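Residue numbers (our numbering): -1 to 416.
Following: one structure in structure tokens, then a few remarks.
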Amino acid sequence: MINTLVMLLAGGEGSRLNVLVEVRAKPAVPFGGIYRIIDFTLSNIMNSGLERIGVLTQYKPLSLMSHVGLGKAWDFEGRNRGIKILPPHTGNMDADWYKGTADALRQNMDYLDRYDPENILIVSGDHIYHMDYAPLIAYHKQNRADLTVAMMEVPREQMVHFGTAQVDGRGRIRSWEEKPKKPKGTLASLGIYVFRTPYLIKALQDPSAMDFGRDLIPSVIRKDRVFAYPFSGYWRDVGTLAFYFEAHMDLLNPESGLNPEAWGVQTNMEEEGLNGDRPAIIIEKDARVVRSLLSADTIIEGRVEGSILSPGVRVGKGAQVINSIIMHDCQVGTGAYLDRVIIDKKVRIGKQARIVGQATLPNREFPGHLKEGLTLIGKGASIPSTSKIQGNTIIYPGVEEGDFKSLVAAEGETVRKR
-1 MINTLVMLLA GGEGSRLNVL VEVRAKPAVP FGGIYRIIDF TLSNIMNSGL ERIGVLTQYK
59 PLSLMSHVGL GKAWDFEGRN RGIKILPPHT GNMDADWYKG TADALRQNMD YLDRYDPENI
119 LIVSGDHIYH MDYAPLIAYH KQNRADLTVA MMEVPREQMV HFGTAQVDGR GRIRSWEEKP
179 KKPKGTLASL GIYVFRTPYL IKALQDPSAM DFGRDLIPSV IRKDRVFAYP FSGYWRDVGT
239 LAFYFEAHMD LLNPESGLNP EAWGVQTNME EEGLNGDRPA IIIEKDARVV RSLLSADTII
299 EGRVEGSILS PGVRVGKGAQ VINSIIMHDC QVGTGAYLDR VIIDKKVRIG KQARIVGQAT
359 LPNREFPGHL KEGLTLIGKG ASIPSTSKIQ GNTIIYPGVE EGDFKSLVAA EGETVRKR
């Protein structure tokens, strides 16, 4: 295991998460109260005994870089351990940015050349899952594979988001489709790859191979030893607002299999202001909390049900927070009502405001991002008292009360700063 180098792809824009990625890369989006999405992959690496990691960043990387730091939270500091942030080698042209997963590795060939690993494990920092990479690497070696792809069965209707393979009785990949509209099967790639190092370096010499799933795998499966590693644990793509919301709801379902604490997921407590400086949770006498996850320094005076609250959240007297996700240091005013709402950090909800997600019309400006009946509020926004915001509405970061044309936002509206 020591002779495996990890390359963690963390540069994705994640545009379908809309305003949640206005100020940060997708892997840096908060998740589950105290974590960020990338914490799950970093913790998998740590718990698998892997010690040398390169993190490839690109889109709005500052919060991600601050969070990862020197890797202390995941025990990556040491003589033979280390984590290195690898920004793109950009010049003045957009063409300098990564054009795909393979191109990202190609542009960091100098980092690969520093070491002499037997294998290179390529993982993504934007999924919620628990995996021990040791059996994957052992499977790769056992099959004398050039390339091994971690795969799992997913519902057929989701296959449009994945690469899919047909395999023989030994697990060798015989055919491949990338994000097919009419898939032949339901075996989906998880974007986790193990390469023999010499094989990867040779493959990257082909300048036309920009992406592993789209370009490289389809071109090599007939001549080279490419295998599918079967995975059956918890894994969820959180690349859409609906998937992101559903993964949070899994946290509240003991049958879902999602259990960050049992998985040993770590986060950078110091960077998040959670290193003992936050006081305990306070639930006032007349408050009610049902089937919810509360973090440190939350004060509840109203009702919270089926929701996930990050540190520093305040829920005022008589307020109701139902089936919602509320991030750090938000304030929900007295008598406010929230149902199926995702709220980024430092948002103020005015007294008696009513915000719901349920809707029949999609967001008019971003119908592909928000149509499942949620309302999304960006970082630092202020919502007027007594306002009524209907479903599939998007409120942009920093919006102030004076930016609202009226106290009613109809289904599918988008509110920006004037």
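The C-beta atom is built at its ideal place from N, Cα and C for all residues, glycine as well.
Being a predicted model, the structure only gives us computed values, none of them experimental.
- Using the DSSP secondary-structure output, state which residues sit across from Q329 in a beta bridge. Indexing the sequence shown from 1 puts residue 329 at position 331. According to DSSP, which records beta bridges pairwise, Q329 is partnered with R312 and R346.
- Quick one: is H159 buried, meaning 16 or more other Cβ sit within 10 Å of its Cβ, or exposed? In the sequence shown, counting from the first residue as 1, residue 159 sits at position 161. H159 is exposed by the Cβ-count criterion.
- Message: Taking the beta carbon of K221 as the centre, do at least 16 other beta carbons fall within 10 Å, making it buried, or is it exposed?
- Response: For the purposes of this step, residue 221 is identified with residue 223 of the sequence shown, where counting begins at 1. Exposed, by the Cβ-count rule.
- Task: Could you have a look at N390 and say whether DSSP puts it in helix, strand or coil?
- Result: Numbered from its first residue, the sequence shown carries residue 390 at position 392. Judged by DSSP in its simplified three-state form, N390 adopts coil rather than helix or strand.
- Task: Mind reading off the beta-carbon distance from P86 to Q105? Whole number of angstroms is fine, and I expect it under 8 angstroms.
- Result: As a first step, residue 86 is located in the sequence shown; it is residue number 88 there, counting from the start. As a first step, residue 105 is located in the sequence shown; it is residue number 107 there, counting from the start. The beta-carbon separation of P86 and Q105, rounded to 6 angstroms, stays under the 8 angstroms limit for a contact.
- Indicate whether T373 and V339 have their beta-carbon atoms separated by less than 8 angstroms. Position 375 of the sequence shown holds residue 373. Position 341 of the sequence shown holds residue 339. Against a cut-off of 8 angstroms, the Cβ pair of V339 and T373 comes out as a contact.
- Task: Quick one: residues in its chain with C-beta nearer than 6 angstroms to the C-beta of M129, no 5 flanking neighbours on either side, listed in chain order?
- Result: The sequence position of residue 129 within the sequence shown is 131, counting from 1. If we look at M129 and ignore the five residues flanking it on each side, its Cβ neighbours are N42.
- At what residues does the alpha helix (DSSP H) containing N42 begin and finish? Looking up residue 42 in the sequence shown gives position 44. Boundaries of the alpha helix (DSSP H) harbouring N42: I36 to N45, taken from the DSSP string.
- Query: Taking C-alpha atoms, which residue in E151, Y33, V27 and I199 lies nearest to R112?
  - Reply: Start at 1 with the first residue of the sequence shown, and residue 112 comes out as number 114. Of the candidates E151, Y33, V27 and I199, the one whose C-alpha sits nearest the C-alpha of R112 is I199.
- Message: Here's the rule I'm using: 16 or more other beta-carbon atoms within 10 Å means buried, otherwise exposed. How should R34 be labelled?
- Response: As a position in the sequence shown, residue 34 is number 36, starting the count at 1. Label assigned to R34: buried.
- Can you list the alpha helix (DSSP H) stretches of 4 or more residues lying completely in the stretch 88 to 130, in chain order? Runs found: 99 to 104 and 107 to 110.
- Query: Taking three-plus beta-carbon pairs below 8 angstroms as touching, is the stretch 328 to 335 in contact with the stretch 191 to 207?
  - Reply: Output reads no: the stretch 191 to 207 does not touch the stretch 328 to 335.
- Message: Check this for me: beta carbons of T55 and G9, under 8 angstroms apart or not?
- Response: Translated into the one-based positions of the sequence shown, residue 55 becomes position 57. Translated into the one-based positions of the sequence shown, residue 9 becomes position 11. Yes, the Cβ-Cβ distance between T55 and G9 is below 8 angstroms.
- Message: Only counting the same chain, and skipping five residues up and downstream in sequence, which positions put a Cβ closer than 8 angstroms to that of K179?
- Response: Against the sequence shown, residue 179 aligns to sequence position 181. Closer than 8 angstroms at Cβ, skipping near neighbours: V158.
- Message: Quick check on the burial criterion: 16 or more other C-beta atoms within 10 angstroms. Buried or exposed for N266?
- Response: Taking the first residue of the sequence shown as 1, we reach residue 266 at position 268. N266 should be labelled buried.
- Task: Pair every Cβ in the stretch 345 to 352 with every Cβ in the stretch 385 to 401, then say whether three or more of these pairs are closer than 8 angstroms.
- Result: Yes: the two stretches touch, three or more of their Cβ pairs being nearer than 8 angstroms.
- Mark A278 as exposed unless 16 or more other C-beta atoms lie within 10 angstroms of its C-beta, in which case mark it buried. Counted from its first residue, the sequence shown places residue 278 at position 280. Burial state of A278 is exposed, judged by a 10 Å Cβ sphere holding fewer than 16 other Cβ atoms.
- Count the other C-beta atoms from every protein chain shown that fall within 10 angstroms of the C-beta of E49, then say buried if there are 16 or more, exposed otherwise. Here residue 49 refers to the residue found at position 51 of the sequence shown. Buried: at least 16 other Cβ atoms inside 10 Å.
- Message: Quick check on I215: does DSSP put it in helix, strand or coil?
- Response: What you label residue 215 is simply residue 217 of the sequence shown in a count that begins at 1. In the three-state DSSP reduction, I215 falls in the helix class (H, G or I).
- Message: Rounded to whole angstroms, what is the Cα-Cα separation between T162 and E155?
- Response: Within the sequence shown, the letter at position 164 stands for residue 162. Within the sequence shown, the letter at position 157 stands for residue 155. Straight-line Cα distance between these residues: approximately 13 angstroms.
- Task: Assign M5 to one of two classes, buried (16 or more other C-beta atoms within 10 Å of its C-beta) or exposed (fewer than that).
- Result: For the purposes of this step, residue 5 is taken as the residue at position 7 of the sequence shown. M5 is buried by the Cβ-count criterion.
- Item | Cβ-Cβ distance between L62 and L239 below 8 angstroms | For the purposes of this step, residue 62 is taken as residue 64 along the sequence shown, with counting starting at 1. For the purposes of this step, residue 239 is taken as residue 241 along the sequence shown, with counting starting at 1. No, Cβ-Cβ distance for L62 and L239 is not below 8 angstroms.
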